[in-house]
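Residue numbers (the numbering used here), protein chains in the order written: chain A, 1 to 580; chain B, 581 to 849.
For each residue, glycine too, the CB sits at the ideal point set by N, CA and C.
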Amino acid sequence: MPEEAQSIKRPQRWDVPFWNESAEFEIAPMTEEEVDRLLQIPLFRQMDPTRFPKNTSLRDILLNDGRVRKFRKGDIIVRQGDYGNSAFIVLSGTARVVLDKLSDRVTGRQEPVRKSAFSAFAQWWQNPKLPEVRHLGVKSPEREAGHTDIIARTDPAVFVQDMNVIIKDKRTVDLPAGELFGEIAALSRTARTTTVIAGAESEMLEIRWQGLREIRLHAPEFKDYVDRLYRDHSLKNHLRETPMFSHLNDETLARVAAVTEFLTFGKFEWYATFTKIRETTAPDRIQKEPVVAQEGHYPNGVYLIRSGFARLSETFNNGERTVSYLGRGQIFGFEEVALNWMKKSDLPFQRTLRAVGYVDVLFVPTPVIEQHVLPGMPESELPKPQPVSIDKRSQRRSHDKIPPEMMEFIVERRFINGTATMIIDMDRCTRCDDCVRACAATHNNNPRFLRHGPIEDHFMIANACMHCQDPVCMIGCPTGAIHRDSTHGRVVINDLTCIGCATCANSCPYDNIQMVTARSTDGRPYYDQATNQPIQKAAKCDLCSTQITGPACANACPHDALVRMDMRNVDKLADWLKQR
Amino acid sequence: MTLTSRRHFAWVLFAIAAIVAWVVDYALRIELRRAEIVTGLTLFIVVVFLTLFNARKKLPFLPLLRASTWMQIHIYVGLLSCVLFGLHTGWRVPTGTFETTLAILFYLVAISGIVGLGISRWLPARLTVYGENVIFERIPALRATLRREVEEMVLESVGKAQSSAIADFYDLRLRNFFQGTRYMWYHVIGYRQPLLDLLSEVRGLERYLNAEEQAILAQIVERIHARDDLDFQKARQGVLKGWLFIHIPLTYSMLIAAMVHGVLAWRLS
Numbered sequence: 001m002p003e004e005a006q007s008i009k010r011p012q013r014w015d016v017p018f019w020n021e022s023a024e025f026e027i028a029p030m031t032e033e034e035v036d037r038l039l040q041i042p043l044f045r046q047m048d049p050t051r052f053p054k055n056t057s058l059r060d061i062l063l064n065d066g067r068v069r070k071f072r073k074g075d076i077i078v079r080q081g082d083y084g085n086s087a088f089i090v091l092s093g094t095a096r097v098v099l100d101k102l103s104d105r106v107t108g109r110q111e112p113v114r115k116s117a118f119s120a121f122a123q124w125w126q127n128p129k130l131p132e133v134r135h136l137g138v139k140s141p142e143r144e145a146g147h148t149d150i151i152a153r154t155d156p157a158v159f160v161q162d163m164n165v166i167i168k169d170k171r172t173v174d175l176p177a178g179e180l181f182g183e184i185a186a187l188s189r190t191a192r193t194t195t196v197i198a199g200a201e202s203e204m205l206e207i208r209w210q211g212l213r214e215i216r217l218h219a220p221e222f223k224d225y226v227d228r229l230y231r232d233h234s235l236k237n238h239l240r241e242t243p244m245f246s247h248l249n250d251e252t253l254a255r256v257a258a259v260t261e262f263l264t265f266g267k268f269e270w271y272a273t274f275t276k277i278r279e280t281t282a283p284d285r286i287q288k289e290p291v292v293a294q295e296g297h298y299p300n301g302v303y304l305i306r307s308g309f310a311r312l313s314e315t316f317n318n319g320e321r322t323v324s325y326l327g328r329g330q331i332f333g334f335e336e337v338a339l340n341w342m343k344k345s346d347l348p349f350q351r352t353l354r355a356v357g358y359v360d361v362l363f364v365p366t367p368v369i370e371q372h373v374l375p376g377m378p379e380s381e382l383p384k385p386q387p388v389s390i391d392k393r394s395q396r397r398s399h400d401k402i403p404p405e406m407m408e409f410i411v412e413r414r415f416i417n418g419t420a421t422m423i424i425d426m427d428r429c430t431r432c433d434d435c436v437r438a439c440a441a442t443h444n445n446n447p448r449f450l451r452h453g454p455i456e457d458h459f460m461i462a463n464a465c466m467h468c469q470d471p472v473c474m475i476g477c478p479t480g481a482i483h484r485d486s487t488h489g490r491v492v493i494n495d496l497t498c499i500g501c502a503t504c505a506n507s508c509p510y511d512n513i514q515m516v517t518a519r520s521t522d523g524r525p526y527y528d529q530a531t532n533q534p535i536q537k538a539a540k541c542d543l544c545s546t547q548i549t550g551p552a553c554a555n556a557c558p559h560d561a562l563v564r565m566d567m568r569n570v571d572k573l574a575d576w577l578k579q580r
Numbered sequence: 581m582t583l584t585s586r587r588h589f590a591w592v593l594f595a596i597a598a599i600v601a602w603v604v605d606y607a608l609r610i611e612l613r614r615a616e617i618v619t620g621l622t623l624f625i626v627v628v629f630l631t632l633f634n635a636r637k638k639l640p641f642l643p644l645l646r647a648s649t650w651m652q653i654h655i656y657v658g659l660l661s662c663v664l665f666g667l668h669t670g671w672r673v674p675t676g677t678f679e680t681t682l683a684i685l686f687y688l689v690a691i692s693g694i695v696g697l698g699i700s701r702w703l704p705a706r707l708t709v710y711g712e713n714v715i716f717e718r719i720p721a722l723r724a725t726l727r728r729e730v731e732e733m734v735l736e737s738v739g740k741a742q743s744s745a746i747a748d749f750y751d752l753r754l755r756n757f758f759q760g761t762r763y764m765w766y767h768v769i770g771y772r773q774p775l776l777d778l779l780s781e782v783r784g785l786e787r788y789l790n791a792e793e794q795a796i797l798a799q800i801v802e803r804i805h806a807r808d809d810l811d812f813q814k815a816r817q818g819v820l821k822g823w824l825f826i827h828i829p830l831t832y833s834m835l836i837a838a839m840v841h842g843v844l845a846w847r848l849s
């Protein structure tokens, strides 16, 4: 029978409303009157409140997932490169979007706060002897901050002195009252693409992405609005950042943007069926992946990966062999289109492009490429006139890059999603568990990964959070407890706002999040007052974000067996594998 | 830096350090100065430095270089300590009882270190190719599960076939196999005969069983293989972990003896 002292109220969604989430800056509480005022702005006024479920009404979303923030002229509202978990609506004043990059010095971009050398050393004797100790009854965010990540969610509201001088040579766009911004980074779990500065004394409604997602789900007009904003504001920037369009002037780029199509392949919630698909045979798995472009077909255009992943495969005997994978910003089909234009030939697609789970692509048709892009393109950017034959290319790929079996393994199991995947060379690993001990020593004596996982050849992908490029664990989190830290984009859990619902643990396709029972300092579990069930918290690797050493696991391996690998960097991965 | 170039670089540094130590020792000796004090003191400092590797492992939260860097330093400085020891003793076995004991301790530490390094380089690859990679601490639980499953099968065979053939065989031959921790060293050296003998006995039994019993026996054979895999992992992972329990206590014993040796040498000189 649980004792009285251990009994607490189970945390719920909206226990910590957005306005009260951060200890970093003062924000006025959201009131019913404030929500009444917000519901009068055109964006919300046009929505039908009856479309929202009763337990997540539009009013409740604004009340709990929204907060009204005031900015002085020159305050930075969002910073390019930061990972955003919220979007903003201009209530009054203006938001000035700076399209060009500002230096880190100007934007006040800083590394997240880490432990001092002394507090790092103090872990030696301060770490609790018992597992999963928390201070749930104590209201002290600062105390918890060292073990959660709340300190990493720093306020980007840095004041830019002499704003007019600094942005004089920069391209800017002013957003008036009623405009939405920051929604792409918030909804796609990616970094902010621009810096936004308050152009005048301004008031903004900031909405947590969970709330934004609910609104998008229940208000179709809002979804249309967001898509339109992307085409109007971000598409041209996206194209401009792509090397093949970099030589185009604004006018030509606008023409290309006007005919660019948004295509989506696969399911956004791909993780729901991933476990089942994994159990099928390799040919079945590949056949189930939606085809974006088919080998041997006429190259009807160029595909730019906007988000998600795609498998690049080619026919090999009676099957398909994976030769590489593409992620955000990478291009498919340009070589074929360009060679056909240069040589007046009709070379088909040399490989097949398939969605690995889910992929968002921008499609630019061949006639547009031929008319607007290729004629002015520098010769160095054009492909070599002699196309490499399929056979030759296959041999080169398998010998130069990653071995084919390993390539199949990392693509099919979708480890390509990881930006800090833990790979262990089992031929060097002596099973000493120094990595596990180091992890425990830096996390209150609780190891945050399991030295266990699938093995290909002699390489193990251990059960450690990979800090995915597309962190699907964040999708269902009702409180935003699992989020990206703003500076590095690491996926971290705020222990204070985690309600223990296990949605993230169930969503993680790699089983890298554990649910643990929270205990008090004397080792007794906390219990929910209402149900007498133990209070659970989600726990996982945070890449030692508060430590001064970086990932302790990799640093602690005496045999150079363990590495945290960014799978987007195929060359680095190939080099590491080749050395073994 | 690749692993190969790092190794080459370390060997060059080691060779330079060893030559410098030899030249200094030689120079001191031809000048009739007490070279053994210099080499002895240097050796002691080097050994103390080598023990710091273990201390670094206890402090993973401090930025004290990567453990793999420490490991490389430990290996090559350890080899250098052997050179210093040779120079200090004049490449002879000491004569006094205490000095001989100290020398033996040094030999044991050095040999256990070199053997440990060899084990660390040789065994992991052999673990990967045989059996499932299980976590060492989970092996007892997995063994217990296998044993429970086999005992249930044995009971099932008695009920189904109204015969005690499998139960008798279990009692006679399999109980110890599933309960004990035998043939551990055979697993370390890769000697498979005990398993082959047991499987041969199983085949001998099989011909006298009916179809139901044979099906149960087939499942038991699967568990025998699984248990053998676990024993293999237990034995080899045990060696990988266990050699440090020889190397480290010997090191500290040697350090204490070396301190006494130093004090005695100082007082008697």
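Nearest neighbour of residue i, chosen from the options [CA to CA]
| i | options | result |
| --- | --- | --- |
| Ala258 (chain A) | A:Glu279, A:Thr264, A:Ser234 and A:Met244 | A:Ser234 |
| Pro774 (chain B) | B:Glu786, B:Arg807, B:Leu789 and B:Ile746 | B:Arg807 |
| Phe749 (chain B) | B:Val730, B:Arg718, B:Leu682 and B:Arg762 | B:Val730 |
| Trp14 (chain A) | A:Ile61, A:Ser92, A:Gln6 and A:Val302 | A:Ile61 |
| Ile653 (chain B) | B:Val626, B:Arg762, B:Glu717 and B:Trp602 | B:Val626 |
| Asn164 (chain A) | A:Val106, A:Ala518 and A:Glu206 | A:Val106 |
| Pro829 (chain B) | B:Phe624, B:Ser692 and B:Leu642 | B:Ser692 |
| Gly266 (chain A) | A:Asp284, A:Ala310 and A:Thr497 | A:Ala310 |
| Leu785 (chain B) | B:Ser743, B:Ala721 and B:Glu616 | B:Ser743 |
| Pro454 (chain A) | A:Tyr225, A:Phe71 and A:Asn512 | A:Asn512 |
| Phe71 (chain A) | A:Ala502, A:Thr94 and A:Gln126 | A:Thr94 |
| Lys9 (chain A) | A:Lys540, A:Cys553, A:Cys541 and A:Tyr527 | A:Tyr527 |
| Gly81 (chain A) | A:Ile184, A:Ile41, A:Thr50 and A:Ser92 | A:Ile184 |
| Lys540 (chain A) | A:Asp575, A:Gly523, A:Thr442 and A:Asp457 | A:Thr442 |
| Leu735 (chain B) | B:Arg706, B:Ile746 and B:Gly842 | B:Ile746 |
| Leu539 (chain B) | B:Met834, B:Glu611 and B:Phe812 | Absent from the structure is residue 539 (chain B), since the part of chain B shown begins at 581 and ends at 849. |
| Thr430 (chain A) | B:Gly822, B:His841, B:Thr831 and B:Ser833 | B:Gly822 |
| Met764 (chain B) | B:Phe825, B:Leu688, B:Gly666 and B:Lys814 | B:Lys814 |
| Arg415 (chain A) | A:Pro471, A:Thr366, A:Leu450 and A:Glu295 | Checking the sequence shown, residue 415 (chain A) turns out to be Phe, not Arg. Measuring from the Cα of Phe415 (chain A), the nearest candidate turns out to be A:Pro471. |
Residues of its chain near residue i, where Cβ-Cβ distance is below 7 Å and the 5 sequence neighbours each way are ignored
| i | result |
| --- | --- |
| Trp650 (chain B) | Phe633 and Arg636 |
| Ile305 (chain A) | Leu326, Gly327, Arg328, Gly329, Gln330, Val359 and Val361 |
| Ile799 (chain B) | Per the sequence shown, residue 799 (chain B) should be read as Gln rather than Ile. Cβ neighbours of Gln799 (chain B) beyond the five flanking positions: Met733. |
| Leu175 (chain A) | Val90, Thr94, Ala95, Val97 and Phe181 |
| Ala574 (chain A) | Lys401 and Ile402 |
| Arg397 (chain A) | Unreliable positioning characterises Arg397 (chain A) in this predicted model, as indicated by a pLDDT of 49, which lies under 50. The coordinate reading is nonetheless provided below. Closer than 7 Å at Cβ, skipping near neighbours: Val323. |
Own chain residues within Cβ distance below 8 Å of residue i, not counting five before or after
| i | result |
| --- | --- |
| Arg45 (chain A) | Leu39 |
| Phe594 (chain B) | Tyr656, Leu659 and Leu660 |
| Val173 (chain A) | Arg96, Val97, Leu99 and His233 |
| Gly146 (chain A) | Low confidence applies to Gly146 (chain A): its pLDDT is 36, below 50, so where it sits in the model is not reliable, and the reading given next is rough at best. Once the five neighbours on either side are set aside, the close Cβ partners of Gly146 (chain A) are Lys115, Ser119 and Thr546. |
Residues that residue i bridges to, as DSSP identifies them
| i | result |
| --- | --- |
| Ser545 (chain A) | Per DSSP, none; premise fails for Ser545 (chain A). |
| Tyr325 (chain A) | A:Arg311 |
| Ser103 (chain A) | None; Ser103 (chain A) has no bridge partner. |
| Val173 (chain A) | A:Val97 |
Cut-off 6 Å between Cβ atoms - residues of its own chain near residue i, not counting five sequence neighbours on either side
| i | result |
| --- | --- |
| Phe598 (chain A) | The structure shown does not extend to residue 598 (chain A), since chain A is modelled only from 1 to 580, so the question has no answer here. |
| Val291 (chain A) | Arg354 |
Write down every uninterrupted run of the alpha helix (DSSP H) in the stretch 714-757 of chain B whose length is 4 residues or greater and which is fully enclosed by it, in chain order.
719-741 and 745-749
When Cβ atoms are compared, which residues of the stretch 560-575 of chain A fall closer than 7 Å to chain B?
Asp560
Listed in chain order, which residues of the stretch 798-823 of chain B have Cβ atoms closer than 8 Å to some Cβ of chain A?
Gln817, Leu820 and Lys821
Near-chain B residues of the stretch 506-524 of chain A (beta-carbon distance less than 8 Å), N- to C-terminal order
none
Going along the stretch 710-721 of chain B in order, which residues come within less than 7 Å of chain A, judged by CB to CB distance?
Asn713, Ile715 and Phe716
With a floor of 4 residues, list each alpha helix (DSSP H) that falls wholly inside the stretch 257-284 of chain A, ordered by position along the chain.
271-278
Taking only beta carbons into account, state which residues of the stretch 19-40 of chain A come closer than 9 Å to chain B, listed in chain order.
none
Mind checking the stretch 411-432 of chain A against chain B and listing, in chain order, the residues whose C-beta falls within less than 8 Å of any C-beta there?
Met426, Asp427, Arg428, Cys429, Thr430, Arg431 and Cys432
Which residue spans inside the stretch 55-85 of chain A form an unbroken alpha helix (DSSP H) run of at least 4?
58-65
Taking Cβ-Cβ distances below 8 Å as the criterion, which residues of the stretch 451-482 of chain A are in contact with chain B?
Arg451, His452, Ile455, His458 and Met460
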